[in-house]
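One structure is given here, and the rest of the page talks about it.
Numbering (the numbering used here), first residue to last: 8 to 159.
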C-alpha cells in the first residue's frame with residue numbers, strides 16, 4: 008500500500024495483537040483509511056461477494072515437529088503464526104482450496120512456503136482446474152520461498 012499509493016486494501020489476521028501492530032504501522036506510513044483491518048481466520052471475515060485482484064499471504068507453514076528447532080528470534084512469534092500441522096501444510100491446503108473464490112478474474116495469489124513445500128503445493132494445484140499457472144520464487148539462500156498462483 009505504501010509503495011503503490013493506489014487501491015484499496017483489506018488486511019486479515021487471526022490475532023488481534025497482530026492487527027493492532029499493523030494498524031500502528033499503517034498510521035506511521037500515512038495509510039490511514041487506505042487499509043481496512045479485520046480479525047479473520049483465513050477468509051472468515053470476508054464476504055462471499057468480495058473479490059480481490061491479488062491475495063498475499065504469509066500462512067503458518069512450519070511442521071509441528073520442527074517447531075522446537077527454530078532459532079530463538081523466530082520462537083518469539085506466537086506459535087499459531089508459525090506451525091500448521093504435521094507437514095506444515097494445513098493452512099496452505101486451506102488457502103489453495105478457498106482463495107480462488109475470492110479472486111477477481113485474472114487474479115493472483117502469492118504466499119510464503121517452507122523450503123521443502125513447493126512440490127507439495129504444485130501437486131495441490133495441478134489437480135485443481137481453477138489454477139492456470141504456478142511460479143515459485145527463491146529466497147536469497149536460493150531456497151523455494153514464494154508461490155504465485157494464477158487463476159482463470
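Just so it is clear, CB atoms sit at the ideal spot from N, CA and C, and this is done for glycine as well.
The structure displayed is predicted, hence computed values, not measured ones.
- Residue state for residue 81 is assigned as helix, using DSSP reduced to three classes.
- Rounded to whole angstroms, the Cβ separation of residue 119 and residue 68 is 7 Å, and the two are in contact under 8 Å.
- Setting aside the 5 residues that flank it on each side, residue 50 is surrounded in the same chain by 105 and 109, each with a C-beta closer than 7 Å to its C-beta; the list follows chain order.
- Using a 10 angstroms sphere on the CB of residue 81, the tally of other CB atoms stays under 16, which defines it as exposed.
- For residue 132, the number of other beta carbons within 10 angstroms of its own is at least 16, and it is reported as buried.
- Excluding five sequence positions before and after residue 117, the CB atoms of its chain that fall closer than 8 Å to its own CB belong to 61, 62, 63, 64, 153, 154, 155 and 156, given in chain order.
- DSSP assignment within the segment 14-85 yields the following whole alpha helix (DSSP H) runs of 4 residues or more, N-terminal first: 23-35 and 79-82.
- Each of 94, 95, 38 and 19 was checked against the Cα of residue 48, and the nearest Cα belongs to 19.
- The distance from the Cβ of residue 23 to that of residue 46 is about 6 Å, consistent with a contact at the 8 Å cut-off.
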